[in-house]
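Everything on this sheet refers to the single structure shown next.
Protein chains: 4
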Amino acid sequence: MKVAIVGGTGYGAVELMRFINNHPYATLELVIAHSQTGKKVSDVYPHMQDVWEIQMDELNVGELQKNVDLVFFATPPGVSKEIAPSLMDQGVTCIDLSGDFRLERPDVYETWYETTAADPSYLRKATYGLSEIYKEEIQNASYIANPGCYPTASLLGILPLIQQKWVDPATIIIDAKSGVSGAGRSTSLMTHFAEMNDNLKAYKLGKHKHIPEIEQILQKESGQLLNVTFSTHLIPMTRGIMATIYSDLTVQKSTEDIINMYEAFYEHAPFVRIRANGNYPATKEVYGSNYCDIGILSDERTRKVTVISVIDNLVKGAAGQAIQNMNLLNNWDEKTGLDVLPVYP
Amino acid sequence: MKVAIVGGTGYGAVELMRFINNHPYATLELVIAHSQTGKKVSDVYPHMQDVWEIQMDELNVGELQKNVDLVFFATPPGVSKEIAPSLMDQGVTCIDLSGDFRLERPDVYETWYETTAADPSYLRKATYGLSEIYKEEIQNASYIANPGCYPTASLLGILPLIQQKWVDPATIIIDAKSGVSGAGRSTSLMTHFAEMNDNLKAYKLGKHKHIPEIEQILQKESGQLLNVTFSTHLIPMTRGIMATIYSDLTVQKSTEDIINMYEAFYEHAPFVRIRANGNYPATKEVYGSNYCDIGILSDERTRKVTVISVIDNLVKGAAGQAIQNMNLLNNWDEKTGLDVLPVYP
Amino acid sequence: MKVAIVGGTGYGAVELMRFINNHPYATLELVIAHSQTGKKVSDVYPHMQDVWEIQMDELNVGELQKNVDLVFFATPPGVSKEIAPSLMDQGVTCIDLSGDFRLERPDVYETWYETTAADPSYLRKATYGLSEIYKEEIQNASYIANPGCYPTASLLGILPLIQQKWVDPATIIIDAKSGVSGAGRSTSLMTHFAEMNDNLKAYKLGKHKHIPEIEQILQKESGQLLNVTFSTHLIPMTRGIMATIYSDLTVQKSTEDIINMYEAFYEHAPFVRIRANGNYPATKEVYGSNYCDIGILSDERTRKVTVISVIDNLVKGAAGQAIQNMNLLNNWDEKTGLDVLPVYP
Amino acid sequence: MKVAIVGGTGYGAVELMRFINNHPYATLELVIAHSQTGKKVSDVYPHMQDVWEIQMDELNVGELQKNVDLVFFATPPGVSKEIAPSLMDQGVTCIDLSGDFRLERPDVYETWYETTAADPSYLRKATYGLSEIYKEEIQNASYIANPGCYPTASLLGILPLIQQKWVDPATIIIDAKSGVSGAGRSTSLMTHFAEMNDNLKAYKLGKHKHIPEIEQILQKESGQLLNVTFSTHLIPMTRGIMATIYSDLTVQKSTEDIINMYEAFYEHAPFVRIRANGNYPATKEVYGSNYCDIGILSDERTRKVTVISVIDNLVKGAAGQAIQNMNLLNNWDEKTGLDVLPVYP
């Protein structure tokens, strides 16, 4: 299968290349990078020397449609909504790592992204690609909106409790923490090393674009209209997301009860690992891999449950899940090309 | 005023020495360090060379009582409860950075610390030294239980809302994050550099000794029996604590309303700084200083308030607040010896 | 091929398991870990959950000899010299990641390691496993002394210039910098996070065990008796070694001349990448991979050459090179099981 | 004494403000910051809230001359050479943290800085402000060229050996390592957190602007024409410089001999601390302070000396030394305003 990457110089793209390099069925035909046309991937990422010497091209939709079977968008917000429709019209399968097609309602997109939404007729064709939860839909999709990094960690962490109705969805609070690579490769004072090293920052409180994405799925799965309290913090580390999720239990369940339920829920999910009682995952324990590791505490004193869910934001939170979705789409083993272990320590 | 430090080789002690070095009225007479008797401070902490060449001694209560006016305990749990009573009997003022005299109820101490509590008759003589909240009690105290690092950040962050009854105390969730120096100087796999660098860990969920300390004050100030949900995370940085505090608003108050109330509440507190609307403090912005910086968001969508409270865990969370309490005890200006700015970046 | 790992709880062992997991011809039969007998690998390394659930055993030489074809030693100094001889006698192939069999002269070992050397008759059977330089010897070896991390980076960086006689070997100065994982998993104050984070330390100046190892090869390849100035620094990062190597040029050669010579020298070495003029490798650019990346500057002002050589200390500096040597021994493609890209950023 | 800072938003300026805040004789009258005119210091640096609420101004040389006694330049290269001459004409004392007046020869400046040098008639009036070495010249100076961070660490580390003629100056190699704050506050891909964290980079090999500055002083003090080999590396930490300096001994001197000589050399230098035999300084041990700590090894095997010299690049390498020079100029105690201890850990 011939694939292309649009948006070839960001961290999402470079991680896609890492996994495609290990993938037996996919070959990388084209890398589109407007700002770097003519340069080789290894000029921009020296760690790719001798591996990806492919030259980056300008976007040409006709060429894309002619030469490749599948297009990955690893673009900033606002790009794929302009380009994807013509690819959809031509029947090119797309996996979109950006947020442009994740929100079903254009008005919600416009409120949070502060720009025009994609054409609703195309929006309707997109499938939300949270692999473990929407496997069947993904297998039949033509356009996959790959989930955001925070929603992936948060939703995989809390959905089993929602679906079992063991928690009150209106009480969910998600305190999320991310490594700095989540902010991308564009430089800013916030991500300047001297300002971020040995430091801890809260940011975009109450304003993060991933809030409506999480709410959309929580509402769908709980059947309730609800708003979620979701906070984001920048951690002085490169990769990794941890979502610490709090919710009121509606039934009396011990930590063991909940762990058993999660293990059953994710029985056929090779990338989700549930930790034993008293054991909570650290982000480094999934570093570089497609795992989502989950630890659980049911606190009898407070009658609340605390869920710790960790992923590598660039893998399960972006490129890894995109490859997983490509596998699902093609009925390949979900793990194809993704069977690398976490790099620890 | 002649002071002694008991527990001379930990981070609390070494920070006390940094501030005593700048203090015009206090001189360091004795450093007690059981395990390092005979060594100089600078043998254990080379950064003190030419500054603190004082030799460390064995504990001798009689000597202490004879030679010093005030004793700082910078000891692990379980030490001061054995030693302090005889000093109290002799009328030696003490500021205790450990947790031994913070909890009023011996049974609560015994549940959380898993060891015998101090003698209740002595326990009753201790004053909880949260400087900004209990200034008058501190000024008249003879034994000060210096607050824990997490409780300091958490309580300074939430108490104004409690006292105003603008939040429902039963809904408080505190998601706390700490730099690794909070774990002290004893080595462990958890704080081993290769395991902690570029990593993020949740730990002691539902079990942290600071939970009953926070609850004790929340109960006292709210007049309600309540349990608090409090989680702790280890951040790959040396210093700093951030408490992200969530609570349900009981009244409709905007972010500006709450900021104004906090500014009034802390009008005479030189070490508490309230950030403007939309501005949230980062831990590095108080690094090395005695400040507690607070940012506030009232979220209209969720009717919850989020408070971000940051301190340097070794300063306002330990040695700095201890010096502040020594100043209060002696009716010196609260800032004496503590007027260093944050070291930024 | 059935393999065993002796010393199963260190970082070398856990990296071996990462690569064996990807290796098509090697299966892990036994993990020997004296201190953790009965535990599973994933008990000690939670990131291995669901992957390596193998139980760790006590050492039993007879069992080893009966059940496996190849033994990896990932043990501290002083262990393999006791155990390996009986395996050698039984004809079991070994790859030893420790330093016990690297030094040909027992007296040199004893001076630097401050303990008795291995029996000379066994020492003579060991082959120094610097894969790119001693490929043929390795292919015919029965006992491979896998090189140290610093020697690997240093020697791959300077040997082409030595063999061409373009530098004066007596003038070589190696200023080496390492990530903290190089110090292993045993905790110490030096590698305590609060002491090492945001810090930079020089250590073991003039005393590092890798000095005689580097000298042995420099002497062999240059034919000169010489002592090398070699300094080691601990960098606040987890993985990576950089050797900055200085030497006086004996001939006038431009940077381009030297780059061309290196490219020819390493033409058949898939894991050595020579950077273009003006481009110097960073350690993160080989993170998690078996590459050694080399940058070169010939400075006309000083008539000195500066070589920057970087590796991942746990991969090319330990487990990766061990797998590469296993491949060479078996006449498998050198890259088998090692074709993972650097994890960047 | 009334002072002004020109270049008010960089790290040099913000450190000057930290020390001026503690200084009994200097008051900050004006902060000039072209790009931020009208904003307060605390708008740009929130950690300064309630401390430095001073508003930043446009440059107006007449105002400067009228209102202040001393001007600090904390500007990028190329700024002070344009502005300073008119201040010199007006008799305003200046301390220039930039490189514009450090090099005596305009042609050397132009080669390394790739721009026109300052007018030679003004260049001649500048005094190189390496406090410990040129104390008398500084006391009589009117324009002080404050040394660069790398030259400060390097020269304080090696000059005693040069002046004693115990080393051959032509053999000096300086392998220098710096925290990332040395690159300033302007963002770049090189100092982007995700690219620099957990990473180690060599940069500007053979091209750094501090090379001619070091050579100028080495030549002056040794009386020899020489070129120095000087390499720079970026360390994943915020502050700190370590210079590892190698040179051939011309006489047989033990480590103890050299330590004794250094102690005598720096007997009256309160900010230089010589470590005992076998003890090497780490950068964190001077963090936030004006110390330069030096460790020494005389290696009998190689007949080379290795000197480890560490400073905080923003303090002794910039703002701290500038304050020290202001003190010398005014015949105040050298330590005035600078008596803060290192912040450790």
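Residue numbers (the UniProt record's numbering), protein chains in the order written: chain A, 1 to 345; chain B, 1 to 345; chain C, 1 to 345; chain D, 1 to 345.
Even glycine gets a Cβ: it sits at the ideal position worked out from N, Cα and C.
This structure is a prediction, so every number in the text was calculated from the model and none was measured.
Please determine, among B:H47, B:A153 and B:D198, the residue with the shortest C-alpha to C-alpha distance to D:L236. According to the sequence displayed, residue 236 of chain D carries Pro and not Leu. With distances taken between Cα atoms, D:P236 lies closest to B:D198.
Closer than 8 Å is the cut-off here; do at least three beta carbon pairs connect the segment 112 to 124 of chain A with the segment 248 to 259 of chain A? Touching, no, given that fewer than three Cβ pairs across the two stretches are closer than 8 Å.
Need the endpoints of the alpha helix (DSSP H) that D:L189 sits in, please. In the DSSP assignment, D:L189 falls outside any alpha helix (DSSP H) and carries neither an H nor an E.
Determine the DSSP secondary structure at D:E29, reduced to helix, strand or coil. Residue state, collapsed to three classes: strand.
Taking the runs of the alpha helix (DSSP H) that are 4 residues or longer, which of them lie wholly in the UniProt domain "Semialdehyde dehydrogenase NAD-binding" (2 to 141) of chain D? Runs of the alpha helix (DSSP H) inside the UniProt domain "Semialdehyde dehydrogenase NAD-binding" (2 to 141) of chain D: 11 to 21, 41 to 44, 61 to 67, 80 to 89, 106 to 113, 120 to 123 and 135 to 139.
What does a CB cutoff of less than 7 Å around residue 346 of chain A pick up in its chain, not counting 5 residues either side in sequence? Residue 346 of chain A cannot be examined here, being either before or after the span of chain A that is shown, 1 to 345.
What does C:E285 reach in chain A if we use C-beta pairs closer than 7 Å? For C:E285, the chain A residues whose C-beta falls within less than 7 Å of its own C-beta are P46 and H47, listed in chain order.
Mind pulling the beta strand (DSSP E) runs of 3 or more residues that sit fully within the segment 226 to 302 of chain D? Under the rule that a run must span 3 or more residues, the beta strand (DSSP E) segments found entirely inside the segment 226 to 302 of chain D read 229 to 234, 241 to 248, 272 to 274 and 292 to 299.
So, with DSSP's three-state summary, where would you put A:Y344? In this structure, A:Y344 counts as coil in the three-state DSSP scheme.
Output, in chain order, the set of chain C residues within a Cβ distance shorter than 7 Å of D:S231. Around D:S231, the beta-carbon contacts reaching into chain C at under 7 Å are T244 and T306.
What does B:R185 touch in chain C if you count any residue whose Cβ is under 9 Å from its own? Using a Cβ-Cβ cut-off of 9 Å, B:R185 is close to L189, H192, A194 and E195 of chain C, given in chain order.
For B:T336, three-class secondary structure by DSSP: In the structure shown, B:T336 adopts coil according to DSSP, grouped into three states.
Whole angstroms is fine: what's the gap from A:A183's alpha carbon to D:S186's? Spanning the two alpha carbons is a distance of roughly 18 Å.
Can you pull the chain A residues whose beta carbon is under 7 Å from the beta carbon of B:R18, in chain order? None at all; the shortest Cβ gap to chain A is about 18 Å.
So which residues on chain B does A:L297 lean against when the C-beta distance must stay under 8 Å? A:L297 reaches chain B at L205 and G206, counting residues in chain order whose Cβ is nearer than 8 Å.
Identify whether residue 347 of chain A lies in helix, strand or coil by the three-state DSSP scheme. Any question about residue 347 of chain A goes unanswered here, given that chain A covers just 1 to 345.
In chain A, which residues lie less than 9 Å from D:D198 when you measure between Cβ atoms? Those are M237 and T238, listed as they occur along chain A.
Assign C:S35 to one of two classes, buried (16 or more other C-beta atoms within 10 Å of its C-beta) or exposed (fewer than that). Exposed.
For A:Y280, would you say it is in contact with chain B, using Cβ-to-Cβ distances shorter than 8 Å as the test? Under the Cβ distance rule, A:Y280 counts among the residues neighbouring chain B, one pair being separated by less than 8 Å.
Near D:T336, what residues of its chain come up, given a Cβ to Cβ distance below 6 Å and the 5 sequence neighbours on each side ignored? A distance below 6 Å between beta-carbons, with the five flanking residues on each side excluded, links D:T336 to the following residues of its chain, in chain order: N327.
C-beta contact flag for C:S188 and C:I241 at 8 Å: Contact check for C:S188 against C:I241 fails: the beta carbons are separated by 8 Å or more.
Would you say A:G288 lies against chain C (beta-carbon separation less than 8 Å)? Among the residues facing chain C, A:G288 is included, as its CB has a counterpart in that chain under 8 Å away.
By alpha-carbon positions, which one of A:S42, A:S142 and A:L30 ends up nearest to A:Q90? Of A:S42, A:S142 and A:L30, the residue nearest in Cα terms is A:S142.
Quick check: the segment 80 to 95 of chain B against the segment 120 to 130 of chain B, are at least 3 beta-carbon pairs closer than 8 Å? Look at the beta carbons and you see the segment 120 to 130 of chain B touching the segment 80 to 95 of chain B: at least three pairs across the two are nearer than 8 Å.
Below 8 Å on the Cβ atoms is my guess for B:L314 versus B:Y45; work out the distance and round it to an integer in Å. Going by Cβ atoms, the distance from B:L314 to B:Y45 rounds to 13 Å, so no, they are not a contact pair.
The segment 164 to 184 of chain A: positions lying closer than 9 Å to chain D by Cβ: Across the segment 164 to 184 of chain A, CB contacts with chain D closer than 9 Å involve G179, V180, S181, G182, A183 and G184, in sequence order along the chain.
Distance, A:W52 Cα to A:T33 Cα: Note that residue 33 of chain A corresponds to Ala in the displayed sequence, not to Thr. Cα-Cα distance, rounded: 14 Å.
Rounded to a whole number of angstroms, what is the C-alpha to C-alpha distance between B:L297 and A:E114? B:L297 and A:E114 have their C-alpha atoms roughly 21 Å apart.
Take every Cβ of the segment 90 to 110 of chain B, pair it with every Cβ of the segment 73 to 80 of chain B, and state whether three or more of those distances are shorter than 8 Å. A contact exists between the segment 90 to 110 of chain B and the segment 73 to 80 of chain B.
Going by beta-carbon coordinates alone, are B:E221 and B:L103 separated by less than 8 Å? With respect to the 8 Å criterion, B:E221 and B:L103 are not classified as neighbours on the basis of their beta carbons.
Starting from the Cα of A:M48, find the closest Cα among C:E136, C:T306, C:K165 and C:Y291 and give me that residue. Minimum Cα distance to A:M48 is reached at C:Y291.
Whose C-beta lies closer than 7 Å to the C-beta of B:M261 among residues of the same chain, with five residues either side of it excluded? The residues are P160 and Q164.
Which residues bound the alpha helix (DSSP H) around A:S309? Going by DSSP, A:S309 is part of no alpha helix (DSSP H) but of the beta strand (DSSP E) stretching over K304 to I311.
Measuring alpha carbon to alpha carbon, tell me which residue in C:Q139, C:T306, C:V272 and C:H23 is nearest D:I174. Answer by Cα proximity: C:T306.
Once you ignore the five residues that flank A:R275 on each side, which residues in its own chain have a CB closer than 7 Å to its CB? Apart from sequence neighbours up to five positions away, the residues of its chain that approach A:R275 with a beta-carbon distance below 7 Å are P281, D293, I294 and G295, ordered along the chain.
Shorter than 8 Å from the beta carbon of D:P345 to some beta carbon of chain B? Closer than 8 Å to some Cβ of chain B, the Cβ of D:P345 qualifies, so yes.
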